Amino acid sequence: MKVLLVNGSPHKNGSTHTALTEVAKTLNEEGIDTEIFWIGIKPLAGCIACKKCAKTGRCAFNDRVNDFLDIAKDTDGYIFGSPVHYASVTGAMTSFMDRVFQVNSQSSNQSFYLKPAAAVVCARRAGTTATFDQLNKYFTISEMPVISSRYWNMVHGAKPEDLEKDLEGLQTMRVLARNMAFFLKCKDAGLKTGVPLPVREEKIYTNFIRD
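Per the working numbering, the very first residue in the sequence shown carries number 17; after that it's consecutive.
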């Protein structure tokens with residue numbers, strides 16, 4: 017089993033990376049393989065709703081989004097991390113998430129279906145809960161079980177060395193990892209014993225405007 021951790025910070029080895037590394041280290045201790053994926057610093061365009069991904073299963077813009085999708089389909093769980101920029105997810109990470117989840121929603125196999133996910137948020141001081149809520153909405157619209165910890169999944173520190181002093185935040189990361197590992201093992205055990213996946217209905221789209 018493998019968990020893919022996404023670093024949505026413009027700083028490859030900054031505080032967000034430090035938090036994700038704490039999660040990854042604990043997952044490894046639980047026997048779960050991990051990979052940290054950095055979205056990079058090159059410009060990432062937002063989704064333009066061209067719907068080309070419905071035919072190709074890939075985004076029309078060939079950049080880090082497609083790099084992620086190439087490895088995400090074979091992953092069992094996901095952690096998406098972002099620093100706080102103006103009380104929200106970073107601009108690049110928002111574009112990344114919009115496009116990744118649009119491709120998934122338009123795809124015939126929907127590779128995120130019933131795969132667990134969690135958000136990790138890092139801030140110097142504030143804006144964490146708004147950012148945390150924003151990230152979680154991607155999971156709950158995609159039928160992804162949301163993994164929690166004993167506190168909201170957030171850490172504080174402008175620099176990695178600051179974050180290392182946030183002992184409660186780092187513990188929250190470790191608890192999150194153990195909960196993710198437990199869920200993955202339970203899901204695997206259930207499928208192996210014949211527990212069926214939920215019956216899936218055809219999607220219904222309702223327009224709020226009425227004639």
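Built from N, CA and C at the ideal position, the CB exists for glycine as well. Quick caveat: nothing in here was measured; it's all calculated off a predicted structure.
- Here DSSP, grouped into helix, strand and coil, assigns A103 to coil.
- In terms of Cα proximity to A174, the closest of I220, K203, I225, R140 is R140.
- Distances from the CA of V215 to each of L130, Q187, T32, L151 were compared; the closest alpha carbon is that of L130.
- Taking 4 residues as the minimum length, the alpha helix (DSSP H) runs contained wholly in the region 80–139 are 80–88, 107–122, in order along the chain.
- For N44, the closest alpha carbon among the candidates C138, I64, V81, R190 is that of R190.
- When C-alpha distances from I163 are compared across K71, G30, K201, P132, the shortest belongs to P132.
- When the five nearest sequence neighbours on each side are left out, the beta carbons in the same chain lying within less than 8 angstroms of the beta carbon of N82 are those of R74, C75, in order along the chain.
- When the beta-carbon positions are compared, A35 and L183 stay at least 8 angstroms from each other.
- Three or more beta-carbon pairs separated by less than 8 angstroms link the region 107–126 to the region 79–96, which places the two stretches in contact.
- For T50, the uninterrupted beta strand (DSSP E) segment begins and ends at 49–54.
- Residue ranges of uninterrupted beta strand (DSSP E) with 3 or more members, entirely inside the region 136–195 and ordered along the chain, are 170–172.
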